[in-house]
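According to the UniProt record's numbering, the sequence shown is numbered sequentially starting from 1. C-beta atoms are modelled at their ideal positions from N, C-alpha and C, and glycine is treated no differently. Note that the structure is a prediction, hence the values are computed from the model and not measured. In what follows, a single structure is set out as structure tokens and then discussed.
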Amino acid sequence: MTDMNEKRLEERTTRAEKEARAIEEELEKLSKGDLSYVGNPELDKLLTENEKLKHRLAILENAIKVETESSAAIKKEAKKRTLPMLVTDTKSVESNFCILEELKNLFEVAITNAYPDLENPPIALTLSGNNPKFGDYQCNSAMAIAQLLKANNVKTNPREVANNILNKTPTSPIVQRIEVAGAGFLNIHLNKEFVEHVLSSILKSGIQPPAVKKEKVIVDFSSPNIAKEMHVGHLRSTIIGDSICRVLEFLNNDVVRLNHLGDWGTQFGMLIAHLQDKYPDFKTKSPPISDLQAFYKESKKRFDEDEEFKKRAYSCVVQLQSHQPDYIAAWKLICEVSRQEFQKIYDRLDIKIIDRGESFYQDRMDAVVQFLKGKGFLEEDEGRLIMWGSEKREGIPLTVVKSDGGYTYDTSDMAAIKHRVDEEKANRFIYVTDVGQYTHFMTIDACARRAGILKDDQRVEHVGFGVVLGEDKKKFKTRSGDTIKLIELLDEGLKRSLDKLVEKGRDKVLSSEELKRAQEAVAYGCIKYADLSHNRINDYIFSFDKMLDDKGNTAVYLLYALTRIRSIARNAQISLDSLLAEVDRIGLKLTHESEWKLGKTLLRFPEVILKVSSDLYLHSLCEYLYEISSAFTEFYDKCFCIEKDKEGKIVKIIYERLMLCEITARVMEKSLEILGIKTVSKM
Ligand code: ARG
């Protein structure tokens, strides 16, 4: 590509040079002649033309220089590129082995061997479809490489490229064979012994996280606003954020779970003014503001209707911000009531999070404003101080200081990112909010980079999600049109899940303790799973009926599937120890077609986890869980694990199959744990 550009540039330069020379000759001829040509329009035109051409020439020459230098640098870089180490010995492979990663490495080596001069050739690997004819994975790089070669005037076609790659592919213990098919696909068939080896190592050493470079990650999620309602949007952020933390923690990253509470700002003025009126002795007696939302509404109403109150509310903000002890006490009290409410939700959903609200950054906001001012990044705009993410003033600027001197949401986020970089020393910053705040966080990212707070190796990611809708596809509200209180929503979940269990007669078989555990696992599990199993970017419809359905891709279905799998070994009365002893004695063998299919599916766990940890889309993990349980159902239909005689006495146990059951259960349990869903042994 670079060579092509270079050629084109050179052609243009030669042309410009020629034109310039011709005009210069013309000018020389003219200047030797009659002086009356001075001021001649013809000559003037030629002179300007000449200037322009010289200018163009200079630009083109410079472009060639830059182009040549950068292409030389890229070529040098390509030569320097070290190829990945490949697995050569099955025995060295452990339970956390990621097949997809190894195949990527294998083809990187193959393609580099086949086309050493190609800069950054595409390494495209995917799973093959369901047809076993097409192998287990496929490499689709040949098509793109053929295109690249054609652009460089090399005559070839994708099939030829595919064959060439195949010839240069080193042998690998994980691959049984590779075939060129169709337009130039490379179909990869996995080696059965290898798959069996990795599966048995999962049995022996459990599920281990795939190896990745550890990072310090800040996950900013949940983050409701004090006194205002914690709405379903915050519920989504809480569920998605917690699950993201769980994936990253599983991969042994250093994860800081932060609750960026909206606990500082002008709304406190009216809350405090209202508190002073309603509960004047709030400092000695704790007032019964059990319903902070109602309290907020009342004060808002007064604020909007009563000028006198409004004035007082503003002066309360000033008092609070200058840390008057009484005002700080009132503020603390309100925050505490709110926090206790939020905590109830976190406890129920088993969410761990550290409170570090906007108020935490008070002093740091002063400091960051001084810092930005000092570096000359702040501009005045109708009394405000703003900062643009780019020098070109594109997009929307941050409002760093309001015209009244106060700070904003933007200011607190600039102070927060500086703290997270300088003091927390993290290198990945994740924000989980609705998609509407995407631009805000991208501007924070741009401004923080421009100001030199963020460095190249640090990344900001906005994990956006859509709106929660009711079954009528309108905004999620109660029948009377009020916003839904989260605690009430969770209560309804509990009620409905109990109804469901009773409907199935589970109350007659489970102890009351077991029933309660199942009820909670189902209720909270189904709410979380419904949220996580949809592509988060989209809006999603909240429906208890759908999420409690025991058919289809729901938590209930998966939890039932899991208890059934767990009951197989229990009924056969085979302990884990005796199963492990059998692994050592007879090994794990995949004979039947559906065993093979299930086994391969189970080994995709590391690949799915790596994908989720990088793109932060949890629905892939949910889809994967559903695939496992479908593969398991097919296996269980076709392959019996225990044989019984007419009296129901066990006459034969097929240990290899019980081993597969055990691994399936482990992979499912780990996946559900990452989704924040509690499993139960009976339900
Ligand atoms: N409190 C905000 C809201 O309710 C969310 C905060 C997100 N985090 C942040 N660092 N801005 O919309």
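Spanning the alpha carbons of F542 and P325 requires a straight line of approximately 44 Å. Taking a contact to require three or more Cβ pairs closer than 8 Å, the segment 276-290 and the segment 329-336 qualify as touching. Excluding sequence positions up to five before and after N253, its CB lies within less than 6 Å of the CB of K214, E215 and V217, all in the same chain and listed in chain order. Between the C-alpha atoms of G389 and G466 there is a straight-line separation of about 25 Å. Secondary structure note for C316: its alpha helix (DSSP H) is the uninterrupted segment E307 to Q321.
Taking the Cβ of N252 as the reference point, every heavy atom of the ligand ARG lies at 7 Å or farther away. Relative to the non-hydrogen atoms of the ligand ARG, the Cβ of S172 never comes closer than 7 Å to any of them.
Short of 6 Å from the beta carbon of E643, and not among the five residues preceding or following it, lie these beta carbons of its own chain, in chain order: V651 and K652. Shown here for F360: not one same chain residue has a beta carbon closer than 7 Å to its own, the five before and five after excluded.
Ranked by Cα distance from Q343, the options A448, E307, S222 and P173 are led by S222. Ranking I351, T408 and E379 by CA distance to the CA of D366 puts T408 first.
Looking at the DSSP output, K477 sits in a beta bridge with T483. Counting of Cβ neighbours within 10 angstroms places Q573 among the exposed residues, the total staying below 16. Judged by the Cβ position, A416 qualifies as a neighbour of the ligand ARG at the 7 Å threshold, a heavy atom of the ligand being closer than this.
In the DSSP assignment, T126 forms a beta bridge with Q138. Taken through DSSP and simplified to helix, strand or coil, F194 comes out as helix. In this structure, I417 places its C-beta atom within 8 Å of the C-beta atom of I453. Within the DSSP secondary-structure output, T399 pairs in a beta bridge with I386. In the structure shown, H231 falls within a coil segment according to DSSP collapsed to helix, strand and coil. Taken through DSSP and simplified to helix, strand or coil, T433 comes out as strand. With a cutoff of 8 Å on beta-carbon distance, S141 and F194 are scored as not near each other.
Among the bridge pairs identified by DSSP, K216 is matched with D254. Pairing C245 with G206, the inter-Cα distance amounts to about 21 Å. Distance from the CA of D347 to the CA of S575, rounded to the nearest whole angstrom, comes to 34 Å. Across the set N164, R479, S480 and P173, the C-alpha of P173 shows the shortest separation from the C-alpha of V87. Taken through DSSP and simplified to helix, strand or coil, K392 comes out as coil.
A561 sits away from C661, with the two beta carbons spaced by 8 Å or more. Comparing C-alpha distances from G525 to each of T601, A555, I663 and M85 shows the shortest one belongs to A555.
When the alpha-carbon of L199 is set against those of S630, K678 and D584, the nearest one is in D584. Assigned with DSSP and collapsed to three states, K652 falls in strand. DSSP places R585 within a helical segment (H, G or I) once states are collapsed to three.
Under the DSSP definition of a beta bridge, D381 partners with R384. Taking 7 Å as the cut-off, one finds at least one heavy atom of the ligand ARG near enough to the beta carbon of Y431. Under a 10 Å Cβ-count criterion, M270 is classified as buried, with 16 or more other Cβ atoms of the shown protein chains found around its own Cβ. Between L166 and V180, the gap from beta carbon to beta carbon is short of 8 Å.
At least 8 Å separates the beta-carbon of L532 from that of K500.
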